[in-house]
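Notes for the one structure printed next.
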Amino acid sequence: MGLVQPIEAWAASTPDSVALRLEGKNITYKELNCRANRVANGLRGLGIKERDRVAIMLPNIPEFVYTLLGALKLGAVAVPFNTLYKGGEILHILKDSGAKCVVALTNFAPMINEIRPELPALDKVILTGERNLLFAYPGSTALIQLILQGDHIKDIDGAYQKIGRILLRIMEEMGVKEAWYKHRGSIRVRGGEKIATFVISELAGVALINWMVFLGPLDTRDFMRVIRMPPEIRDKVVEPMTSVQQETGRMPVWNQFKETVVAAIEHGFQVEIKEGPMLENELIAYEKLRSIACKAR
Amino acid sequence: MKQKVFSQERRKDQWRLISKPDGDIADVMALPGAVVEAQIAGRYQVASAVTPGTVIIQGVRRKGILAGVDAAIDREAASEHDVDVACQPRGVRPAETVNLEEMMIEASDEFVSVPTDAEDLACILYTSGTTGRPKGVGLTVKNFLGEQQSSEQALKVTPKDKIIGVLPFFHVLGLSNILLTGLVSGASIVLVPQYSPANLLRNIMESRPTLMIAIPTMFVHLLMLLERKRLHLPDSIRLCVSGAAPLPIETIEAFERCSGCRLIEGYGLTETVAACCLNPPDGLCKAGSIGVPLPGFEMKVVDADGGKLAPGEVGEIAVRGAGVTAGYYNLPQDTAEAFRNGWFLTGDIGYQDQDGYFFVTDRKKEIIIKGGLNISPREVEEVLLRHPAVKGAAVVGRKKGEREEVVAFVTTRREVMAKEIVSHCRQSLSSFKVPDAICFMETLPMSVAGKVLKKELMSGYKDERKIERKDDGLGPAD
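Line by line, the protein sequences are chains C and S. Residue numbering for the first sequence follows this note's numbering, beginning at 71 and increasing consecutively. Residue numbering for the second sequence follows this note's numbering, beginning at 321 and increasing consecutively.
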């Protein structure tokens, strides 16, 4: 007798009784069992076998339960861990357990990506939920987006290296000393404080590379007042950060920053970049989306 | 619109820069390219308008959050603090990842579970220990089944039960005593993914649970909220259980008085798949005690050599039973040190009374040794908490030369002088136990289980959250 058999028995004997309830919506034992079966089959399809470690970094959402039961049905070993853990801690757990896959919220993708090259056993990163949070602060945050066609990004590792180098060059031009880039996503200074970050996403054959550069100190207090989180653990949510101003003693001039960025991208990709407005179809899409975003407020 | 629409004809290899020196957060999400054309059945579709080879540079004019659609944002607070909130479209997937929902849709819902042996590992749980690096605790199928049986019996869980699932399932108490005990017993679990006192109370009122298992801080918050709103908990609740951290007796009394519900304290460890000791739900509940061993567990208090101590004598609490881990994952040395003659040494200091009830007094690792004398941090903390201005207290030992000093970290309700706190301590503590230093803090570092993370208060604490640079990183010279 295993751990999942009693639950399968309830699914067979009382299929319509409620197993999970979330915000007034019920998930019955039968539904729970079917979804756990789907996860088990899906994991098997990804090459996960008995005794493989399946790390789970999820809050108390139904997907946690589907994944846990799916992994157990498959005879795999579940490794649930704290959703508040940050880079160094996640690295320790994934490495120590030898996890073959990790199931996490989408917003943890950049962090997991960053440590992924140090985790040879980690084969699959499975994401769920759209809980990304990006905080923009006047005078502090510069956002850069790069949209590239498939041929520039066939080699994701190469793309991460290239963007990392470009960002390092920008940091050097701006006078930030001791900036370093390990891999995949974050430019850090000295002991590991984050000064810039980027994520490569895919969308219909196009790569979107979103960068954030911290120009001035980021005041996170208002941000913390707005996200729902108990006060004792709020300071654990944000990684240690720094900014160009804190590192160099002066706030970058916007036009110079822009020129530096453009020059670094031109150099990195060996292209010429011309300034211009949006095209008509872009403008239409942009206005549409902007109105959706505003309505959602 | 300020931007001019201009010719779409351009050279193929030429990249474009679109810059907006100042934008607000809605601009950020609506940057061309990231973009979407229409909203279809609640999901977004990609626009055909993306122009490869585009660079967009943008500054930010207003404070704002760009949030994924599932992020929990307090919109009232946002408008109060002048923070713009914009929603991010669905469907953008980080490179080289798998989407869980897509994986599930494509898979069959029929599966024959792989048979397991009792000794097979089911889970590895990392102890969020208050000292040192997280250690993986290997928990087998047998451990879980043993624990499920014990807790099902002790808490009398039936398919009629509805249990509040507010404790994180990555924590042993949530995973074992709520999620698995509940599902194995055929009960319902009410999921509360984001804890806030108001959110918990709303879920309790709406779902009318029968059983609530939580941690002391949650009961304290709930108590404050009930008092403020002059509310009682619904009469559907037959029992509340607190675990994972010590529950002050005053809290039990105040909570029971205010909520109208029975609140009992239990005790367990990751190494025992959660609860191994509990005040009997229908029997005598002793103030300050963690109760008696659950069916399937044996407990005793031992001296430094592993010898059993008589009732009343203080030593280390040891436990054995089907629910006790076989050991730490890949750590044979730590495993060997944690067991003696088949008994697991909990690292908790305490005693057993004449009636067989256990009491925990301290964590072994946290005992301060000053000039050869043992000092219980808990004892000092209790005295500190009796001062009316002190809200929270954590006492740790700090090396000073060859000896250890007693350092008290406190949070306060109002301004108070360190001198006043020290003289308050002098009234009830022997002089060697009186804190050598008082440090005022805004908050104490807490784990999700509501325990003070003392390691963060000790000298030489290293922030494990940071990613460190190793030799394989690129620097400015690369």
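Cβ coordinates follow ideal geometry from the N, Cα and C atoms, glycine included. Computed from a predicted structure; not experimentally measured.
DSSP state of residue i mapped onto helix, strand, coil
{"i": "residue 622(S)", "result": "strand"}
{"i": "residue 669(S)", "result": "strand"}
{"i": "residue 109(C)", "result": "helix"}
{"i": "residue 293(C)", "result": "helix"}
{"i": "residue 742(S)", "result": "helix"}
{"i": "residue 230(C)", "result": "helix"}
{"i": "residue 219(C)", "result": "strand"}
{"i": "residue 423(S)", "result": "helix"}
{"i": "residue 65(C)", "result": "Because chain C spans 71 through 367 in this model, residue 65(C) falls outside it and cannot be assessed."}
{"i": "residue 650(S)", "result": "coil"}
{"i": "residue 99(C)", "result": "helix"}
{"i": "residue 360(S)", "result": "Residue placement at residue 360(S) is flagged as unreliable, the pLDDT there being 39, under the threshold of 50; the coordinate-derived value follows with that caveat. Strand, per DSSP."}
{"i": "residue 368(C)", "result": "Past the boundaries of the shown model lies residue 368(C); chain C is included only from 71 to 367, so the question cannot be answered."}
{"i": "residue 544(S)", "result": "helix"}
{"i": "residue 365(S)", "result": "In this predicted model, residue 365(S) has a pLDDT of only 46, less than 50, meaning its place in the structure is not dependable enough to derive any value."}
{"i": "residue 490(S)", "result": "coil"}
{"i": "residue 555(S)", "result": "coil"}
{"i": "residue 679(S)", "result": "strand"}
{"i": "residue 705(S)", "result": "helix"}
{"i": "residue 460(S)", "result": "strand"}
Presumed contact (8 Å Cβ cut-off) between residue i and residue j, rounded CB distance
{"i": "residue 764(S)", "j": "residue 197(C)", "result": "Wrong, their Cβ atoms sit about 33 Å apart, outside the cutoff."}
{"i": "residue 585(S)", "j": "residue 611(S)", "result": "7 Å"}
{"i": "residue 543(S)", "j": "residue 571(S)", "result": "7 Å"}
{"i": "residue 145(C)", "j": "residue 113(C)", "result": "Rounded, the Cβ-Cβ distance is 11 Å, inconsistent with contact."}
{"i": "residue 121(C)", "j": "residue 149(C)", "result": "Incorrect: roughly 12 Å between the Cβ atoms, too far for contact."}
{"i": "residue 163(C)", "j": "residue 178(C)", "result": "Their Cβ separation, rounded to whole angstroms, is 13 Å, which puts residue 163(C) and residue 178(C) out of contact at 8 Å."}
{"i": "residue 194(C)", "j": "residue 142(C)", "result": "Contact doesn't hold; Cβ gap of about 18 Å is too wide."}
{"i": "residue 322(C)", "j": "residue 267(C)", "result": "In fact, because the Cβ distance is near 17 Å, the residues do not count as touching under 8 Å."}
{"i": "residue 238(C)", "j": "residue 257(C)", "result": "7 Å"}
{"i": "residue 563(S)", "j": "residue 595(S)", "result": "6 Å"}
Residue i at chain S interface by Cβ criterion, 9 Å
{"i": "residue 321(C)", "result": "no"}
{"i": "residue 271(C)", "result": "yes"}
{"i": "residue 132(C)", "result": "yes"}
{"i": "residue 117(C)", "result": "no"}
{"i": "residue 192(C)", "result": "no"}
{"i": "residue 153(C)", "result": "yes"}
{"i": "residue 166(C)", "result": "yes"}
{"i": "residue 362(C)", "result": "yes"}
{"i": "residue 317(C)", "result": "no"}
{"i": "residue 205(C)", "result": "yes"}
{"i": "residue 212(C)", "result": "yes"}
{"i": "residue 314(C)", "result": "no"}
{"i": "residue 145(C)", "result": "yes"}
{"i": "residue 89(C)", "result": "yes"}
One or two residues paired with residue i in a DSSP bridge
{"i": "residue 663(S)", "result": "660(S)"}
{"i": "residue 407(S)", "result": "387(S)"}
{"i": "residue 760(S)", "result": "730(S)"}
{"i": "residue 282(C)", "result": "213(C), 267(C)"}
{"i": "residue 77(C)", "result": "DSSP output for residue 77(C) lists no bridge partner at all."}
{"i": "residue 638(S)", "result": "620(S), 665(S)"}
{"i": "residue 335(S)", "result": "343(C)"}
{"i": "residue 379(S)", "result": "DSSP output for residue 379(S) lists no bridge partner at all."}
{"i": "residue 175(C)", "result": "198(C)"}
{"i": "residue 560(S)", "result": "532(S), 583(S)"}
{"i": "residue 127(C)", "result": "174(C)"}
{"i": "residue 628(S)", "result": "622(S)"}
{"i": "residue 694(S)", "result": "689(S)"}
{"i": "residue 90(C)", "result": "97(C), 509(S)"}
C-beta neighbour in chain C for residue i, strict 9 Å
{"i": "residue 473(S)", "result": "no"}
{"i": "residue 417(S)", "result": "yes"}
{"i": "residue 500(S)", "result": "yes"}
{"i": "residue 514(S)", "result": "yes"}
{"i": "residue 592(S)", "result": "no"}
{"i": "residue 701(S)", "result": "no"}
Distance cut-off 8 Å: residue i Cβ against heavy atoms of the ligand MG
{"i": "residue 336(S)", "result": "The ligand MG is absent from the structure shown, which contains no ligands of any kind."}
Contacts of residue i in chain A (Cβ-Cβ under 7 Å)
{"i": "residue 614(S)", "result": "Checking the listed chains, one finds no chain A in this structure; the protein chains it contains are C and S."}
Taking Cβ-Cβ distances below 8 Å as the criterion, which residues of the segment 236-247 of chain C are in contact with chain S?
238, 241, 242, 247
According to a CB-to-CB cut-off of less than 8 Å, which residues of the segment 646-671 of chain S neighbour chain C?
649, 650
Under 7 Å (Cβ pairs) to chain S, residues found in the segment 336-358 of chain C:
341, 342, 343, 344, 345, 346, 347, 348, 349, 350, 351, 352, 353, 355, 356, 358
Residues within the segment 392-411 of chain S neighbouring chain C, beta-carbon criterion of under 9 Å:
392, 393, 394, 395, 397, 398, 399, 400, 401, 402, 403, 404, 405, 406, 407, 408, 409, 410, 411
Near-chain C residues of the segment 337-349 of chain S (beta-carbon distance less than 9 Å), N- to C-terminal order
Listed in chain order, the positions of the segment 337-349 of chain S with a beta carbon within less than 9 Å of a beta carbon of chain C are 337, 338, 339, 341, 342, 343, 344, 345, 346, 347, 348, 349.
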